[in-house]
Structures are given as structure tokens and as C-alpha cells.
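Each remark here refers to the structure printed beneath this line.
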Amino acid sequence: MEQGVFFEVGDFDRSKVNLDKTATSAEEFLKQMIVGREQCPEVIKANLDPQKLKPPSNQIPLDPSRGLVCPLAPGKEWANHMSNDFSMKRSLLEGRRNKISKIKGLDLPQPECASKWRQIVLEQRLPAVEIPPELEASFAHHKGTPPTLRLIISLTDVQVNSLIQNLIEHFVENGYSRPLFEWIHSLLLVVNKPLLQDVCSSLRAMSRQCRILRSTLGPNDMVLIREFTLFIALVSIYFGQKDLAD
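Using this note's numbering, you'd call the opening residue of the sequence shown number 600 and step up by one each time.
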């Protein structure tokens with residue numbers, strides 16, 4: 600059975616998509632995300648000089664992201680709009696859950712087997728996860744198993760919570776990759792609220808790391824700056840970690 604499509608945007612002229620304009624519909628937002636992610640570099644990692652970081656005090660743990668700003672990042676209006684769009688997508692997905700059939704015959708590791716999960720997500724595709732021809736181009740950059748709608752719906756709450764923590768840890772340790780961020784974004788669409796404490800802690804770590812990486816980027820990296828700013832917005836606005844907002 601073919602994987603379900605959350606929103607069908609069809610073929611469109613990518614040259615006519617304005618990434619700087621605030622989207623006015625879900626379709627326009629998805630087109631911006633498709634074009635934006637196609638322009639993202641595959642991998643980016645910050646090289647921080649530990650000698651330039653002040654040592655932590657006994658009272659307050661060191662937060663390397665504190666005070667880091669990016670004048671090129673979209674503003675609060677954009678961040679609020681992205682958070683509202685994300686909320687809308689979660690609501691629509693929740694309404695469709697019962698109409699989407701789960702994948703049968705999934706051979707998945709235990710949640711605590713971090714290395715096996717990372718292999719599935721980033722390195723090796725699961726045979727049970729079929730990719731219909733019309734979606735192959737969208738997932739062409741995934742060496743591992745892409746986060747199809749039916750696959751995400753097929754995961755248990757325990758698997759979703761554990762995988763979010765696992766993949767964010769991988770991001771903090773190894774840096775950005777487009778497939779990794781698409782997976783995290785997809786998992787956040789289905790994670791239960793209120794968040795578990797460990798999941799919330801992981802999202803906060805991700806937001807801080809996004810801010811650190813974003814501070815190293817310049818005018819030629821606007822697509823990636825928006826990508827990092829999106830996740831900072833989701834963590835701070837949608838998931839309520841207001842102290843981490845831009």
C-alpha cells in the first residue's frame with residue numbers, strides 16, 4: 600500500500616517561490632519548505648574554540664548559546680507564523696490518524712538501542728517502508744529510511760519520545776544534516792503534549808545548538824539560517840520554552 604501524503608502540492612515552478620515572503624496558506628508554506636530544504640547543505644557543524652568560552656561558575660551552568668545573535672535571522676512575526684503553521688499541521692494530522700493505516704511487519708529495535716535506530720534513520724532503509732514513485736524525488740537525499748507519514752504514525756509514543764532524544768543527541772554531537780532535521784520535524788508533529796521532562800530537555804539542547812550553529816553563518820546561508828530559526832521558534836513558542844526565544 601502506498602504511503603499517505605500529508606498535503607499534496609503537486610509539481611510547481613520553484614523559481615516562483617519567494618522564501619522571504621510570509622506564507623499565507625499551508626500549500627504556500629510547504630512549497631517554501633520544499634525549496635528551502637533543497638537549497639540546504641547536506642551537513643554543517645560548528646567548530647567552537649573552547650579557549651574563547653568563559654569557564655562555568657559554581658552557581659550557573661555555562662550556556663554557550665547565551666548572547667549569540669544572528670542579525671540575518673527572520674523576526675518574531677515570522678517565528679510566530681511558523682509556529683502557527685506547525686500547530687495547524689499537528690491538528691490536521693491528529694484528525695487524520697484514524698484514517699491512515701499503519702505499516703505491518705516493521706522490524707524495529709528496542710527504544711534504547713540508539714545505534715540501531717540511527718542506522719535505520721540515517722544509513723539503511725527498512726524494506727517494509729515502501730516509497731511510491733511520486734515521492735521518490737522528495738526522499739532522494741535520504742540514504743536511510745525517510746520519515747513517511749505512515750511510518751511516523753506507526754511508531755509508538757515510547758518510540759517517538761526515545762527517538763527524538765536519540766536524534767537530537769546525534770545532532771549536538773555530529774552537526775546538521777537535512778535528513779536528520781526532516782526526521783526530527785516529523786517526530787515533533789506527533790509527539791504528545793505535555794512533553795516528557797527528558798524530551799523537553801533534549802529540545803532545549805537542540806534549540807541552543809541551533810543558535811550556536813546559526814551564529815557561524817553568513818548571507819550566503821539564508822536557507823539554513825531559516826531552518827535553524829524555525830526549530831528555535833518551535834521549541835520556544837509552540838513547546839513553551841520562552842526563555843530560549845530569539
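C-beta atoms are modelled at their ideal positions from N, C-alpha and C, and glycine is treated no differently. Quantities reported herein were computed from a predicted structural model and do not represent experimental measurements.
Less than 8 Å divides the Cβ of I702 from the Cβ of S753. Under the three-state reduction of DSSP, S753 is assigned to helix.
Within the same chain, Cβ atoms closer than 7 Å to the Cβ of R724 are found at G743, T744, the five residues on either side in sequence being excluded. For the set V771, E722, N697, the Cα lying nearest the Cα of L748 is the one of N697. Distance from the Cα of L692 is smallest, within the candidate group L786, R777, L779, S614, for L786. Contact between the region 814-834 and the region 726-736 is not established, with fewer than three Cβ pairs separated by less than 8 Å. Secondary structure at S776: strand, using DSSP grouped into helix, strand and coil. When the alpha-carbon of S690 is set against those of S835, S664, K792, the nearest one is in K792. Between R813 and D662, the CB-CB gap reaches or exceeds 8 Å. L795 is positioned such that its CB atom lies no closer than 8 Å to that of I783. Of G635, E711, N617, the smallest CA-CA separation from Q758 is found for E711. Residue environment: M687 is assigned as exposed (fewer than 16 neighbouring CB atoms within 10 Å of its CB, all protein chains considered). For the pair W716 and L750, the CB atoms are not nearer than the 8 Å cut-off. When only Cα atoms are considered, V834 and G674 end up about 15 Å apart. Between P818 and L671, the C-beta gap is smaller than 8 Å, which places the two residues in contact.
For F685, the uninterrupted alpha helix (DSSP H) segment begins and ends at 675-695. Here the alpha carbon of L829 sits roughly 7 Å from the alpha carbon of A678.
Straight through space, the alpha carbons of R613 and T623 are spaced by roughly 17 Å. In the three-state scheme derived from DSSP, where H, G and I count as helix and E and B as strand, F738 is classed as coil. K630 sits buried, since 16 or more C-beta atoms from the chains shown fall within 10 Å of its C-beta.
Assignment of C669 by DSSP, reduced to helix, strand and coil, places it in the coil class.
Here the alpha carbon of L734 sits roughly 27 Å from the alpha carbon of H680.
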